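Everything on this sheet refers to the single structure shown next.
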Amino acid sequence: MPAAGSVPVRDRPSFLALGLGLALGLVTGTVGAVGWRWVRPWPWPDPPHLQGEEFRFPSLDGTPLRGLWLEGRPGLPPVVLCHGYFRSLAEPYDMGLYLNGLGYPALLFDFRGCGKSGGRYTTLGAREVLDVLAAVREARARGGDGVVLLGISMGAAAAIMAAAREPRVRAVVADSPYADLEGLLAHRLRRVLPLTPLLPLGKVSLRLGELLAAFRAREVRPADFVAAIAPRPLLLIYGEKDSFVPPEQREELFRRAGEPKEMWVAPGSDHAMARLDHPQRYRQTVRDFLERYLSAGG
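The numbering used here puts the first residue of the sequence shown at 1, with every later residue one more than the last.
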């Protein structure tokens, strides 16, 4: 018979079960937070003294987007500039000003879920293609029939896939695009969580992000679209030390692209950093590419 005031063993709280429950809750919460975080961009500030005409336009599925128009010289095709993952039109703004200084009209915009555009989530290219196509439509209405696309990272991947669908795109400059998003994410997980018990949790977080944003990473495969850009010209730009896109994805895109195609690998640069590490070479490479092919009626 138990002593007075004692608690039977079967009635005592199971501190092991409590600890396991707390640990499970912590893991579940962390997985959920990571899954939400990778598809939910944070605000990105505009550059100071923003030039140009700000306007709103709908994506092809109705998502409201914020655009910026820089008027150019008649006769030159407008350039649509597409920013990267978790960024805004502030990222390619310097190139927009540079190309506009050469006379090109320029249209910059915030992808869905980014900057001052509507939408809650990024889909890393799956529905950003619709945003690029809508931006092409706006640029054509404002500045002429043919359009040039210049994209960075996610924006470059979306630009490749959009150009494959839109024949009125005359040329594409793709800075640091990935060839296969699902393969890229798997590569990143293996680098961040190599051979650890956390690797399956990382995969769960990625899948949760897909569910939240209602897309599948396997849908985003610029490698399957890049050949359709030809015979229009394509310029690929990568950093020699890109820590995000593995070299085999770079090589796959270039191999599968049709002619004419060019690629510049910026010495020593990391992912999407070539224009900052080598600004003069970057600008001259883009300028020469556009003048070479557009003046030839490309």
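Each residue gets a CB set at the ideal place from its N, CA and C atoms; glycine is no exception. All figures in this text were calculated on a predicted structure; none of them were measured in a lab.
Quick check on this structure: which residue in the options has the alpha carbon closest to the alpha carbon of residue i?
i      : options                        : result
Pro167 : Leu189, Ala174, Ala230         : Ala230
Glu212 : Gly268, Arg120, Arg87, Pro74   : Looking at the sequence shown, residue 212 is not Glu but Leu. The residue with the shortest Cα to Cα distance from Leu212 is Arg120.
Tyr178 : Arg250, Leu206, Arg170, Ala162 : Arg250
Val265 : His83, Gln280, Asp242, Glu291  : Asp242
Val173 : Glu182, Leu181, Ala163         : Ala163
Asn100 : Leu60, Leu133, Gly52           : Gly52
Pro314 : Ala156, Phe244, Ala186, Leu65  : Coverage of the chain is limited to positions 1 through 298, which leaves residue 314 absent and any answer about it impossible.
Phe86  : Leu76, Tyr104, Ile152, Gly146  : Ile152
Phe244 : Glu210, Leu70, Cys82, Asp180   : Asp180
Asp288 : Met263, Arg40, Asp277          : Met263
Tyr104 : Asp94, Leu70, Cys82            : Leu70
Leu276 : Met95, Val148, Arg66           : Met95
Val80  : Glu54, Pro41, Val148           : Val148
Could you tell me how far apart the beta carbons of residue i and residue j are, in whole angstroms, since I believe they sit closer than 8 Å?
i      : j      : result
Leu102 : Leu68  : No, Leu102 and Leu68 are not in contact; Cβ-Cβ is about 17 Å, not under 8 Å.
Ser176 : Ala272 : 4 Å
Leu184 : Val226 : Contact flag wrong, Cβ pair sits at about 15 Å.
Arg170 : Arg232 : 6 Å
Gly143 : Gly84  : With 8 Å as the limit, Gly143 and Gly84 do not qualify as a contact, their Cβ atoms being about 24 Å apart.
Arg218 : Glu182 : 4 Å
To the nearest angstrom, how far is the alpha carbon of residue i from that of residue j?
i      : j      : result
Pro44  : Gly268 : As written in the sequence, residue 44 is Trp, which differs from the Pro given in the question. Taking the straight line from one Cα to the other gives about 27 Å.
Pro78  : Ala214 : 32 Å
Ala257 : His49  : 39 Å
Leu97  : Gly118 : 25 Å
Leu208 : Glu291 : 45 Å
Ala126 : Leu133 : 12 Å
Thr28  : Gly113 : Caution applies to Thr28, whose pLDDT of 41 falls short of 50 and renders its modelled position unreliable; the value that the coordinates give is listed next. Cα to Cα, the separation comes out at about 25 Å.
Val9   : Ser205 : Bear in mind that the predicted position of Val9 carries a pLDDT of just 47, short of 50, making it too unreliable to give a figure here.
Arg216 : Gly62  : 20 Å
Arg281 : Arg221 : 29 Å
Ala135 : Gly115 : 15 Å
His187 : Pro246 : 8 Å
Asp131 : Arg190 : 31 Å
Gly239 : Asp270 : 5 Å
Thr123 : Leu60  : 15 Å
Gln284 : Ile237 : 13 Å
Ala228 : Pro279 : 30 Å
Phe55  : Arg66  : 6 Å
Arg255 : Glu210 : 29 Å
Pro74  : Arg40  : 39 Å
Asp224 : Cys82  : 20 Å
Phe57  : Pro64  : 6 Å
Glu248 : Arg165 : 25 Å
What is the residue span of the alpha helix (DSSP H) that residue i lies within?
i      : result
Arg287 : 279 to 294
Arg112 : Taken as a continuous stretch (DSSP letters only), Arg112 belongs to no alpha helix (DSSP H), as it is neither H nor E.
Leu60  : Per DSSP, Leu60 belongs to no alpha helix (DSSP H) and is neither H nor E.
Val129 : 128 to 143
Met263 : Per DSSP, Met263 belongs to no alpha helix (DSSP H); it is in the beta strand (DSSP E), 261 to 266.
Leu253 : 247 to 256
I'd like to know if residue i contacts chain D, where contact means its C-beta is closer than 9 Å to some C-beta of that chain.
i      : result
Leu130 : Looking for chain D here will not work: only one protein chain is present.
Is the Cβ-Cβ distance between residue i and residue j less than 9 Å?
i      : j      : result
Met154 : Phe111 : yes
Ala158 : Glu128 : yes
Leu294 : Lys261 : no
Leu76  : Val286 : no
Asp46  : Leu89  : yes
Can you tell me where the beta strand (DSSP E) with residue i in it begins and where it stops?
i      : result
Leu235 : 234 to 239
Ala174 : 169 to 175
Pro64  : 64 to 70
Leu150 : 147 to 152
Leu99  : It is not in any beta strand (DSSP E) - Leu99 instead sits in the alpha helix (DSSP H) that spans 93 to 101.
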